[in-house]
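Some notes on the structure that comes next.
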Amino acid sequence: METFTGQEVIERKPLQRVISNPEYTVTFVTTAAESGNRFSEMEIELRPGGGNGLHRHLNFTETFIPIEGALEVQIGRNKLLLEPGEQYTVPIGVAHNFANPGSKPIRFRVMIEPGHEGFEYSLRMLYGLANEGRSEIKTWDDLLRASVVLMISDMRLAGKQAFINPFLPMLYRLACRKGYDIDMVKKYCI
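In this text, residue positions in the sequence shown follow the UniProt record's numbering: the first is 1, and each later residue adds one.
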């Protein structure tokens, strides 16, 4: 199935370079489009206690490079504490997450290889939803919006939430029929 990237509705306006939600600030250093799809590079400021859930990527690696403070990266059941000067690359398909275990904000770089515009769009969507207080799945419509984010980013849930993955293509098709894909791109990305 071909994945929606948002290009269907974009007139090549510049996208937001900096996005924020209550836990994160992300700066897009180099986008997939700028690198010829070789990589996407972001710098992230993560507040204390912030992090994401266990997930995996289907088509790209993700490299974590701490700049200020220690970054916790969970790989499967193992946790690594990365310090500035260290880095770790999560292979394609491996379950992982990251967190700030400290008491101060941390900064780190993330490199996605190859670059992935759908992933970049999904971050903008997730941050937009979080800023509206809609980061949790509480309704059917929330589930449909989550399917758009997961499908366009080539991301799948891991751990206890992985049961939803086989249903994502069907949920995504329904979300697209309802226009959620284009609505979310227009609202959060352009």
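Yeah, the Cβ is synthetic: ideal placement off N, Cα and C, and Gly gets one too.
Since we're looking at a predicted model, the values are computed, not measured.
Query, Result
"Would the beta-carbon of Ile106 fall within 9 Å of that of Leu46?", "yes"
"With a cut-off of 8 Å on the beta carbons, I'd call Thr89 and Thr61 a contact; round off their distance for me.", "5 Å"
"Can you grab the Cα-Cα spacing for the pair Ala33 / Gly115, in whole Å?", "8 Å"
"Roughly how many whole angstroms lie between the Cα atoms of Glu72 and Tyr127?", "21 Å"
"Could you check what DSSP says for Arg145 in three-state terms: helix, strand or coil?", "helix"
"Which stretch, first to last residue, makes up the alpha helix (DSSP H) that contains Ser122?", "117-131"
"Please name the residue in Asn21, Gln16, Gly102 whose C-alpha comes closest to that of Asn131.", "Asn21"
"Does DSSP classify Pro101 as helix, strand or coil?", "coil"
"From what residue to what residue does the beta strand (DSSP E) around Ile164 run?", "Segment: none, Ile164 is in no beta strand (DSSP E) and carries neither H nor E."
"Helix, strand or coil for Ile10 per DSSP?", "Reliability fails at Ile10, whose pLDDT of 49 lies under 50, so the model's placement of it is uncertain and the value that follows must be treated cautiously. Reduced to three states, the DSSP call for Ile10 is coil."
"To the nearest angstrom, report how far apart Ile19 and Asn59 are at their CA atoms.", "24 Å"
"Are three or more beta carbon pairs between the segment 155-162 and the segment 175-182 nearer than 8 Å?", "no"
"So, does the segment 133-152 touch the segment 95-102, judging by three or more C-beta pairs under 8 Å?", "no"
"What did DSSP end up calling Gly179 once you bin it into helix, strand or coil?", "coil"
"Quick one: Cα of Gly85 to Cα of Ala95, how far?", "23 Å"
"Who are the near neighbours of Pro91 in its chain, counting only those whose CB is closer than 7 Å to its CB and skipping five residues on each side?", "Thr61"
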